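S.K.: Numbering (mature numbering (1 follows the signal peptide of the UniProt record, and there is no 0)), first residue to last: -31 to -1, 1 to 346. Every residue gets a Cβ at the ideal spot worked out from N, C-alpha and C, and that includes glycine. A quick note: this is a predicted structure, and the numbers were derived from the prediction, not measured.
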């Protein structure tokens, strides 16, 4: 096992922890006409698969497979090891993931010396890599803002011999077991199905809906979004997606949703790829005066949760198992230090969260009760 002297005084408090939604999705499809979509809905859809693959075709295993023996935990505790986080953005979700990882690192005796976030900017993340690697961490937990540029910007991590663990998105061309230890994420197929069930049940299985996704090619959100569409078509044949749009920035969603609502007066629901992007959609719905449009999205977010409790426009959210993902990332990092082979990809089970189970769902996903800003308590 590699042992390095921890630089105890060199802690870094760079910009925020993290939380933004695990991220991104494929290019926006052209808007469907109501007539065409209605005709297509008459054809029974095949039952979708609950299988998904990683960016290099990895087959996921359960998160519970990543475990350490008592002897392995002692080796880690005796190693005087350090760890650092290099995130893509900040927000409730990644903050919870980091919390889970920090708790597990603390339990294992690993000191966290840095946490950075890049605001979805690849150049900022490249600078963060340089800053973090100056501290010589033994373990790095990271998610690439842009897989292509990360193949270069993450190279200092590999050159230093640090054990890299990936949340969701690795650099392009990098392989588990060779370039990094493992990918830890959520079960994308199950998450898509959960979104479909939340919105489908809220609409009593019928009506016109819109689909709003991140306009980029990103394996994680691509599959989750496609799973939502597939399960909606299969389980709710009387629900029709009448318009699909993509957004380049989260700040674009209010304008896009406003146009979608104006164009489709019978719209009853909107799927949004992740929660912080859904905030703009909720603002557009509020501005339109519509109280009958239901939104479903991924990640637990305080703004969206408050709207769910206090209004009529949020059907629910899908949690990622955030704390568990963090624990898995920390343990996978320990695998790397020990030279123990980790599964190439492991996934947590998502959780459906509605107004009825918000307290329990928030606790299960984030490890704490929802804040007073959500509940008013």
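1) Strictly by DSSP, which residues pair up with residue 80?
2) Bridge partners of residue 205, per DSSP?
3) Kindly indicate which three-state DSSP category residue 211 falls into: helix, strand or coil?
4) Tell me the DSSP secondary structure of residue 105 in three-state form.
5) I need the straight-line Cα distance from residue 327 to residue 339, nearest angstrom please.
6) Note down, in chain order, each residue of its chain lying with its Cβ closer than 6 Å to the Cβ of residue 137, except the 5 sequence neighbours on either side.
7) How big is the Cα-Cα spacing for residue -5 and residue 193?
8) With residue 73 and residue 299 assumed to form a contact (beta carbons below 8 Å), what rounded beta-carbon distance in angstroms separates them?
9) With residue 285 and residue 232 assumed to form a contact (beta carbons below 8 Å), what rounded beta-carbon distance in angstroms separates them?
10) Just tell me which of 309, 29, 12 and 282 has its CA closest to the CA of residue 156.
11) Alpha carbon to alpha carbon, how far is residue 337 from residue 85?
12) What residue ranges within the region 131 to 191 form continuous beta strand (DSSP E) runs of no fewer than 3 residues, ordered along the chain?
13) Looking only at its own chain, which residues have a Cβ that is under 7 Å from the Cβ of residue 143, when we skip the five neighbours before and after it?
14) Rounded to whole angstroms, what's the CA-CA distance from residue 57 to residue 333? Just pull it up for me.
15) Across the region 36 to 53 and the region 169 to 184, are there enough close Cβ pairs to call them in contact, namely three or more that are closer than 8 Å?
16) Starting from residue 322, trace the beta strand (DSSP E) in both directions and tell me its first and last residue.
17) Can you check whether the CB of residue 87 is closer than 7 Å to the CB of residue 63?
18) Whose C-alpha, out of 140, 93 and 124, is nearest the C-alpha of residue 24?
19) If I'm right that residue 306 touches residue 108 with Cβ under 8 Å, what's the distance once you round it to whole angstroms?
20) Whose CA, out of 35, 69 and 33, lies closest to the CA of residue 335?
21) Considering only residues of the same chain and omitting the five flanking positions on each side of residue 159, which have a CB-CB separation below 7 Å?
22) When the Cα atoms are used, what is the spatial distance from residue 208 to residue 35?
M.R.: From the atom records:
1) 51
2) For residue 205, which the question treats as bridged, DSSP gives no partner whatsoever.
3) strand
4) coil
5) 8 Å
6) -10, 112, 154 and 189
7) Model confidence at residue -5 stands at a pLDDT of 36, short of 50, so the residue's coordinates are unreliable; what they give is reported in the following sentence. If I take the Cα positions, the gap works out to 14 Å.
8) 4 Å
9) About 25 Å; that fails the 8 Å criterion.
10) 29
11) 23 Å
12) 132 to 136, 152 to 155 and 176 to 183
13) Sequence-distant partners of residue 143 (beyond 5 residues in either direction) whose C-beta falls short of 7 Å from its own C-beta, in its chain, are 120 and 149.
14) 24 Å
15) no
16) 320 to 322
17) no
18) 140
19) 7 Å
20) Proximity to residue 335 across 35, 69 and 33 peaks at 69, based on C-alpha coordinates.
21) 19, 318 and 319
22) Roughly 39 Å between the two C-alpha positions.
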